[in-house]
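Below is one structure, written out as structure tokens; the observations come after it.
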Amino acid sequence: MNSHKNAKLTVRSREEMVRRMRDNPAATVAAGFGVTLRTARKWMKRYREGGVASLADASSRPRCCRNRLTEMDLAEIFELRKKRQTGDAIALRLGLCRSTVFRALRKLGCSRLSSLEKKEPIRRYQWEKPGQMLHLDIKRLGKIDGVGHRKAGTRQVRRRRPGWEYLHVCVDDASRAAYTAILPDETAESAIEFLWFAVAWYASHGIRVERVLTDNGACYKSWKFRDACRELGIKHKRTRPYRPQTNGKAERFIRTALNEWAYAETYTHSWKRAANLPIWTHHYNYSRPHTALGRKPPASKLERG
Numbered sequence: 013m014n015s016h017k018n019a020k021l022t023v024r025s026r027e028e029m030v031r032r033m034r035d036n037p038a039a040t041v042a043a044g045f046g047v048t049l050r051t052a053r054k055w056m057k058r059y060r061e062g063g064v065a066s067l068a069d070a071s072s073r074p075r076c077c078r079n080r081l082t083e084m085d086l087a088e089i090f091e092l093r094k095k096r097q098t099g100d101a102i103a104l105r106l107g108l109c110r111s112t113v114f115r116a117l118r119k120l121g122c123s124r125l126s127s128l129e130k131k132e133p134i135r136r137y138q139w140e141k142p143g144q145m146l147h148l149d150i151k152r153l154g155k156i157d158g159v160g161h162r163k164a165g166t167r168q169v170r171r172r173r174p175g176w177e178y179l180h181v182c183v184d185d186a187s188r189a190a191y192t193a194i195l196p197d198e199t200a201e202s203a204i205e206f207l208w209f210a211v212a213w214y215a216s217h218g219i220r221v222e223r224v225l226t227d228n229g230a231c232y233k234s235w236k237f238r239d240a241c242r243e244l245g246i247k248h249k250r251t252r253p254y255r256p257q258t259n260g261k262a263e264r265f266i267r268t269a270l271n272e273w274a275y276a277e278t279y280t281h282s283w284k285r286a287a288n289l290p291i292w293t294h295h296y297n298y299s300r301p302h303t304a305l306g307r308k309p310p311a312s313k314l315e316r317g
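Take the sequence shown: its position 89, counting from 1, is numbered 101 in this note's numbering, and each next residue is one higher.
Right, here's the structure in full:
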């Protein structure tokens, strides 16, 4: 076994030291080898008890593990955990230490009770024809008034917050064709205004909107938005509460827009960022390949463009 990195003596040096200690004072030999008298006597004692082989470094691994669990113990802990038993209750029932039980639960991958719950499988769907379902969503963006502290190096300088503006997005389920706009707020009036413009944009591409899917935001739950959908002849559906993944296509489009448009450049003012939005959206619809469409842009699914 190799000596540990902090050892002053190699095994060969220890052999030489104990050999000299037979005929010379231990203190003199210890000083000659640069170790304490206590260390020299320790190696001499080991040599007398075990010979030359005992002069090698001993393993620091524990000789025994009193709390080591058997496979049967682990199986019993897991069965109790499946019955929604807490770690303390399992430890009390089996007569084990709390830390031992919690270590076993981590090893079994069930340290949290929520990990035992069956997750609903992801249900992917796609409507066949453009216009059968539009996904609407809103993303709040901080207004820009000059370069941010990360670029300017002015983290410690206090600045007045310029406020917020709101990215409204609409994505067709079948074609992935998107319509976007920056509006000053997320009120029902702004959501209705955006809906009218979106319906008109899709109509210019030969698409008649039949349904829209939104989350449960206040603007979408308002009676004004409901009446606007009714006036346009559109069925309005909302996602289940606390299930944003139901509107996943809009969520994914927003992430793409943030990465490729909002954060792709260093904008000095909000109006410059807003001015670049139609350019990027046109690129997304007509040039950018989409994985779900066989590496083709959304415009390939439109009737006319």
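We put the CB at the ideal spot given by N, CA and C, even for glycine.
Inset, instruction - Buried or exposed for L104, please, with buried defined as at least 16 other CB atoms from any protein chain shown within 10 angstroms of its CB. - result: Exposed, by the Cβ-count rule.
Inset, instruction - Go ahead and pull the three-state DSSP assignment for L21. - result: Looking at L21 - three-state DSSP - the assignment turns out to be coil, as it is neither helix nor strand.
Inset, instruction - Can you have a look at R267 and say buried or exposed, based on whether 16 or more other CB atoms are within 10 angstroms of its CB? - result: The residue in question, R267, is exposed, as its Cβ has fewer than 16 Cβ neighbours within 10 Å.
Legend entry - Distance between S123 and R24 (C-alpha atoms, nearest Å): The straight-line gap from Cα to Cα measures roughly 49 Å.
Legend entry - 8 Å Cβ cutoff met for P253 and N228: Result yes, Cβ atoms of P253 and N228 sit closer than 8 Å.
Legend entry - Sequence-distant residues of the same chain with beta carbon closer than 7 Å to L305, five excluded per side: R188, S312, K313.
Legend entry - Sequence ranges, alpha helix (DSSP H) only - wholly within the segment 31-93, length at least 4: For the segment 31-93, the continuous alpha helix (DSSP H) assignments of 4+ residues that do not extend past its boundaries occur at 38-45, 49-62, in sequence order.
Legend entry - From A203, R93, T258, residue whose alpha carbon lies closest to that of K119: Considering only alpha carbons, the answer is R93.
Legend entry - Cβ shell of A193 (< 6 Å), same chain only, five flanking positions each side left out: Once the five neighbours on either side are set aside, the close Cβ partners of A193 are H180, F206.
Inset, instruction - May I have the straight-line CA-CA distance separating T278 from A215, to the nearest angstrom? - result: Pairing T278 with A215, the inter-Cα distance amounts to about 34 Å.
Inset, instruction - Would you decide whether M84 is buried or exposed? Buried here means 16 or more other CB atoms lie within 10 Å of its CB. - result: Burial call: exposed.
Inset, instruction - Please state if the CB of T293 and the CB of A190 are separated by a distance shorter than 8 Å. - result: Contact: yes.
Legend entry - Assigned secondary structure, H3 (DSSP; H/G/I helix, E/B strand, else coil): With the chain covering only 13 through 317, there is no way to say anything about residue 3.
Inset, instruction - Report the three-state DSSP secondary structure of I246 (helix, strand or coil). - result: Coil.
Legend entry - Alpha carbon of C182 to alpha carbon of K155, nearest angstrom: Taking the straight line joining both Cα atoms gives about 21 Å.
Legend entry - Nearest-angstrom beta carbon gap, A212 and F237 [assumed within contact, 8 Å]: Not confirmed; about 17 Å, so no contact.
Inset, instruction - Using the Cα positions of K130 and T112, report the straight-line distance between them to the nearest angstrom. - result: C-alpha of K130 to C-alpha of T112: approximately 26 Å in a straight line.
Inset, instruction - Using DSSP bridges, identify the partner residues of Y191. - result: According to DSSP, Y191 shares a beta bridge with C182.
Legend entry - Distance CB(A200)-CB(C231) smaller than 8 Å: Yes, Cβ-Cβ distance for A200 and C231 is below 8 Å.
Legend entry - L125 versus D100: straight-line alpha-carbon distance, rounded: Across the structure, L125 and D100 are spaced so that their CA atoms are roughly 13 Å apart.
Inset, instruction - Specify, as a first and last residue, the run of the alpha helix (DSSP H) that A305 falls within. - result: The identity of residue 305 in the sequence shown is Leu, whereas the question assumes Ala. Segment: none, L305 is in no alpha helix (DSSP H) and carries neither H nor E.
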